[in-house]
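Structure first, commentary second.
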Amino acid sequence: MSDNAIPRTRAATPALGRAIGLLLLAAALIALPFIVKAIGQPALVPLATRVLIYAIAAASLNLALGFGGMVSFGHAAFFGIGGYAVGILYRTFADDALFLGFIPGTDQLLITLPAAILVAGLFACIIGALSLRTSGVQFIMITLAFAQMLFFFFVSLKAYGGDDGMTIRRRNALFDLNTRDDVTFYFICLALTALVFLVLWRIVGSRFGMVLAGIRQNERRMAAIGIAPYRYKLAAFVISGMGAGLAGALMANYLRFVSPDMLHWTKSGELMIMVILGGVGTLLGPLLGAGALVILETVLTGWTEHWQIVLGPILLLVVLFTQGGLSGLLARLGLGGRSAP
Amino acid sequence: MTLVLEQLLNGLQFGVMLFLLAAGLTLIFGIMGVINLAHGSLYMVGAYASAFVAAQTGSVWLALLGGLAAAAIIGMVMELVVLRRLYARDHLDQVLATFALILIFNQSVTLLFGRQPLFVSVPPALNGSVQLLPGLTYPVYRLAIIAVGLLVALGLYLLINRTRIGMLVRAGATHREMVRALGVDIRLLYTAVFGLGALLAGLAGLMAGPILAVQVGMGEQILIMTFVVVVIGGVGSIRGAFFGALIVGLVDTSLRAFMPGLLRQVMAGPEADALGAGLASMGIYLLMAIVLLVRPKGLFPAHV
């Protein structure tokens with residue numbers, strides 16, 4: 013992996029402009045449900061929810077891929093595990109049974125989300141610990157292999173729907189909120205997205221983040237100054253997997269459905285596309301990328317059933333002719349660069 | 442016993458198909474350093490082009506030529522237009538660009554031929570079965586695939602190890618800069634190697650036509666397995682691709698054939714079938730993970 017290919021984290025732009033840009037973005041996201049209601053397009057709220065959920069997944073992947081230089085082609089595994097954690101806990105709750113004989117089910121969001129994060133983190137720890145023994149193409153392929161293994165595992169898991177997946181009758185409950193309501197669920201997702209981006213921002217700026225950037229640029233040099241790269245990379249990979257698990261848990265709640273499709277390798281590809289489209293190694297890039305891909309997909313699907321024939325060339329052009337994805341493009345055009353710290 | 446032999450032959454047949462794809466992929470990766478996810482699309486192009494020509498003309502030879510030519514030409518155009526720009530980029534850009542190519546190929550084929558799978562009949566000369574051993578009859582067509590695959594392997598071996606072009610290919614894989622410095626037109630070599638890889642993928646695709654349904658998405662299914670083969674065998678090594686393909690073909694086929702039966706001895710029928718199918722599908726990925734953990738460069742690393 014050549015280090016010049018992944019753009020360096022941009023030096024801090026003037027704090028004031030950046031703060032204003034972020035505030036504007038936050039205000040726009042908070043105002044969105046009310047605006048779309050006012051213009052009579054309430055269907056846009058679920059769309060925005062999907063963007064936010066994918067943004068969490070893509071931003072988490074970006075920690076491994078962009079900031080850590082680990083090209084994981086298997087992040088859909090953690091996304092799917094998060095989803096299945098919610099699904100299996102709900103099913104166990106609905107059946108009033110014990111999962112594996114000792115874990116009671118639940119439909120409380122405050123329990124299912126941490127559980128999903130924990131399980132995804134556990135899997136990321138195992139998969140990462142093994143995969144990080146390799147690098148380069150081998151790393152890409154072994155992460156893909158683990159994701160495929162889990163994909164086929166869930167396909168053959170007949171007790172939880174197997175190939176067909178399973179429906180979750182109700183979204184998880186949070187206090188007395190009506191999570192069934194699209195706007196309420198949107199705000200739950202928005203709050204969690206903000207939290208994830210805040211955590212990632214703190215991580216990237218911390219000593220840990222600096223070491224990670226150093227390892228990405230030159231692993232041998234970091235080893236020479238006395239830092240064991242393996243541990244830092246593994247930690248970043250696990251955090252990245254936990255974020256993807258959270259996104260998967262939210263997606264399971266959003267769709268009220270989980271299926272092995274969530275773990276399919278094309279999903280890993282989609283998450284990578286979001287990161288690259290938005291800008292590898294930028295904080296807000298994944299949000300832009302997720303928004304661009306989900307909206308493009310929705311618009312093109314409404315326009316033609318063969319939407320991929322339009323998406324393909326667009327992606328190709330983005331890869332071949334823009335460096336640093338959408339946020340790089342915006343920055344070069346002098347637009348909105350300030351809002352992407 | 443005959444059942445085991447039959448499954449071994451099936452595994453061998455699947456293995457040589459995988460080899461045809463893996464040989465091209467590993468050459469392309471070894472020499473140009475490009476991860477080409479769209480290699481499976483060339484396999485699909487070969488299958489569709491040959492099925493189309495066969496339906497139009499009814500001639501087996503024209504169908505063969507059509508499939509090979511379409512795959513090779515489209516492969517070289519792909520190299521000239523897109524992949525050439527990616528050689529200096531990192532793997533991430535290559536993965537994304539070739540992923541975009543997959544979308545384009547799949548949708549173009551859907552637009553041209555529709556979503557219905559095409560069915561291709563076995564060429565009349567190869568129709569029927571032969572009795573190999575008492576009690577073991579085997580389709581001639583599958584035997585022909587094995588023969589073609591082994592012949593191609595032999596041809597590639599001679600091409601790589603005995604000819605001037607092969608020498609350049611080998612030198613290009615290990616000492617790229619030196620080959621360029623010695624005045625070899627490396628870009629022509631790249632295009633030629635890409636065309637050869639595409640040709641082999643097309644050959645695999647058109648041979649698969651009568652066995653499997655020719656449909657959109659057939660490329661991706663086999664592509665992932667081909668990557669497993671390449672990584673197990675050692676990236677960039679033809680020998681590795683050959684043995685990797687045979688190992689993966691045999692392991693996958695025998696797991697699929699025998700796993701449900703073994704499980705049925707310890708659990709109920711339908712669950713055993715589902716779990717067996719799942720475990721069989723996981724098998725080759727598990728194999729790859731183990732190989733990579735023990736020998737991170739694969740079984741037959743090209744760059745020692």
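Protein sequence lines correspond, in order, to chains A and B. The C-terminal position of the first sequence is numbered 353 in this note's numbering, with every residue numbered one higher than the one before it. The C-terminal position of the second sequence is numbered 745 in this note's numbering, with every residue numbered one higher than the one before it. Just so you know, even glycine gets a beta-carbon here, dropped at the ideal spot from N, CA and C.
May I ask whether a heavy atom of the ligand ZN can be found less than 7 Å away from the beta carbon of residue i?
{"i": "B/Val625", "result": "Ligands displayed in this structure: none; no statement on the ligand ZN is therefore possible."}
Can you check which of these residues, the options, is closest to residue i by C-alpha distance?
{"i": "A/Thr124", "options": "A/Leu36, A/Leu75, A/Tyr102, A/Ala106", "result": "A/Tyr102"}
{"i": "A/Gly293", "options": "A/Leu75, A/Pro54, A/Pro45", "result": "A/Leu75"}
{"i": "A/Val63", "options": "A/Gly301, A/Leu338, A/Gly314", "result": "A/Gly301"}
{"i": "A/Thr196", "options": "A/Leu28, A/Ala31, A/Gly29, A/Pro54", "result": "A/Pro54"}
{"i": "A/Leu289", "options": "A/Leu258, A/Gln320, A/Val330, A/Gly257", "result": "A/Val330"}
{"i": "A/Gly80", "options": "A/Phe166, A/Ala248, A/Arg181", "result": "A/Ala248"}
{"i": "B/Leu567", "options": "B/Phe668, B/Met648, B/Arg628, B/Leu597", "result": "B/Met648"}
{"i": "B/Leu664", "options": "B/Met517, B/Ala463, B/Val457", "result": "B/Ala463"}
{"i": "A/Pro272", "options": "A/Leu169, A/Leu59, A/Leu283", "result": "A/Leu169"}
{"i": "A/Lys245", "options": "A/Leu130, A/Ile139, A/Ala70, A/Leu35", "result": "A/Ile139"}
{"i": "A/Ala261", "options": "A/Ile239, A/Phe165, A/Gly99", "result": "A/Gly99"}
{"i": "B/Ala538", "options": "A/Ala39, A/Met284, A/Ala264", "result": "A/Met284"}
{"i": "B/Leu653", "options": "B/Gln706, B/Val563, B/Ala490", "result": "B/Val563"}
{"i": "A/Ala128", "options": "A/Phe158, A/Ala159, A/Gly92, A/Phe105", "result": "A/Gly92"}
{"i": "A/Arg268", "options": "A/Ile51, A/Ala50, A/Val83, A/Gly95", "result": "A/Gly95"}
{"i": "B/Met442", "options": "B/Gly643, B/Leu574, B/Glu712", "result": "B/Leu574"}
{"i": "B/Asp531", "options": "B/Gly499, B/Gly474, B/Gln572", "result": "B/Gly474"}
{"i": "A/Ser72", "options": "A/Leu37, A/Ile227, A/Ala256, A/Arg30", "result": "A/Ala256"}
Just how far apart, CA to CA, sit residue i and residue j?
{"i": "B/Ile545", "j": "B/Leu553", "result": "12 Å"}
{"i": "A/Leu56", "j": "B/Tyr484", "result": "40 Å"}
{"i": "A/Ala17", "j": "A/Gly217", "result": "Residue placement at A/Ala17 cannot be trusted, given a pLDDT of 48 that sits under 50; the coordinates are not used to answer."}
{"i": "B/Thr615", "j": "B/Ala639", "result": "22 Å"}
{"i": "B/Thr604", "j": "B/Ile587", "result": "25 Å"}
{"i": "A/Met234", "j": "B/Ala488", "result": "50 Å"}
{"i": "A/Asp119", "j": "A/Thr104", "result": "9 Å"}
{"i": "A/Phe166", "j": "B/Met723", "result": "11 Å"}
{"i": "A/Lys49", "j": "A/Leu210", "result": "28 Å"}
{"i": "A/Ala225", "j": "B/Val707", "result": "51 Å"}
{"i": "A/Thr334", "j": "A/Pro325", "result": "13 Å"}
Tell me the DSSP secondary structure of residue i in three-state form.
{"i": "A/Leu295", "result": "coil"}
{"i": "A/Phe269", "result": "strand"}
{"i": "B/Tyr489", "result": "helix"}
{"i": "A/Leu8", "result": "Any answer about residue 8 of chain A is impossible in this case: the structure gives chain A only from 13 up to 353."}
{"i": "B/Pro580", "result": "strand"}
{"i": "A/Gln120", "result": "strand"}
{"i": "B/Ser562", "result": "coil"}
{"i": "A/Met82", "result": "coil"}
{"i": "A/Met161", "result": "helix"}
{"i": "A/Thr179", "result": "strand"}
{"i": "B/Val593", "result": "helix"}
{"i": "A/Ala185", "result": "strand"}
{"i": "B/Gln497", "result": "helix"}
{"i": "B/Leu740", "result": "coil"}
{"i": "A/Ile47", "result": "helix"}
{"i": "B/Leu403", "result": "Residue numbering for chain B in the displayed model covers 442 to 745; residue 403 of chain B lies beyond these limits and cannot be assessed."}
Measure the beta-carbon distance from residue i to residue j and round it to whole angstroms, keeping in mind my assumption that it falls under 8 Å.
{"i": "A/Arg243", "j": "B/Pro737", "result": "About 19 Å separates the two Cβ atoms, so there is no contact after all."}
{"i": "A/Arg183", "j": "A/Arg192", "result": "6 Å"}
{"i": "B/Val536", "j": "B/Leu478", "result": "6 Å"}
{"i": "B/Val523", "j": "A/Leu328", "result": "7 Å"}
{"i": "A/Leu122", "j": "A/Pro116", "result": "Not really, about 15 Å apart at Cβ, beyond 8 Å."}
{"i": "A/Cys137", "j": "A/Val250", "result": "5 Å"}
{"i": "B/Ala490", "j": "B/Gly507", "result": "5 Å"}
{"i": "B/Ala727", "j": "A/Met161", "result": "The amino acid at residue 727 of chain B is misidentified as Ala; the sequence shows Leu. Their Cβ separation, rounded to whole angstroms, is 6 Å, which keeps B/Leu727 and A/Met161 in contact under 8 Å."}
Here's a check: name, in chain order, each residue in its chain whose Cβ is nearer than 7 Å to the Cβ of residue i, leaving out the five neighbours to either side.
{"i": "B/Leu521", "result": "Thr632"}
{"i": "A/Thr205", "result": "Leu64, Ala67, Ile68"}
{"i": "B/Val670", "result": "Leu459, Ala463, Ala682, Gly685, Ala686, Val689"}
{"i": "B/Gly756", "result": "Residue 756 of chain B lies beyond the range of chain B shown here (442 to 745); nothing can be said about it."}
{"i": "B/Asp714", "result": "Pro701"}
Enumerate in chain order the residues of its own chain whose CB-to-CB distance from residue i is below 8 Å, with the five nearest sequence positions on each side excluded.
{"i": "B/Phe430", "result": "For chain B, the structure presents residues 442 to 745; residue 430 of chain B sits outside this window and is missing."}
{"i": "A/Asp108", "result": "Gly117"}
{"i": "A/Leu156", "result": "Phe85, Gly86, Trp277, Ser280"}
{"i": "B/Met729", "result": "Val669, Val672, Ile673"}
{"i": "A/Gly238", "result": "none"}
Once the 5 residues before and after residue i are set aside, which same chain residues still bring their CB inside 6 Å of it?
{"i": "B/Leu444", "result": "none"}
{"i": "A/Ile321", "result": "none"}
{"i": "B/Leu720", "result": "Met700"}
{"i": "A/Phe2", "result": "As displayed, chain A neither begins before 13 nor continues past 353, which places residue 2 of chain A out of reach and without an answer."}
{"i": "B/Leu641", "result": "Leu461, Ala464, Gly465"}
{"i": "B/Gln454", "result": "Arg583, Ile586, Ile587"}
{"i": "B/Ala529", "result": "none"}
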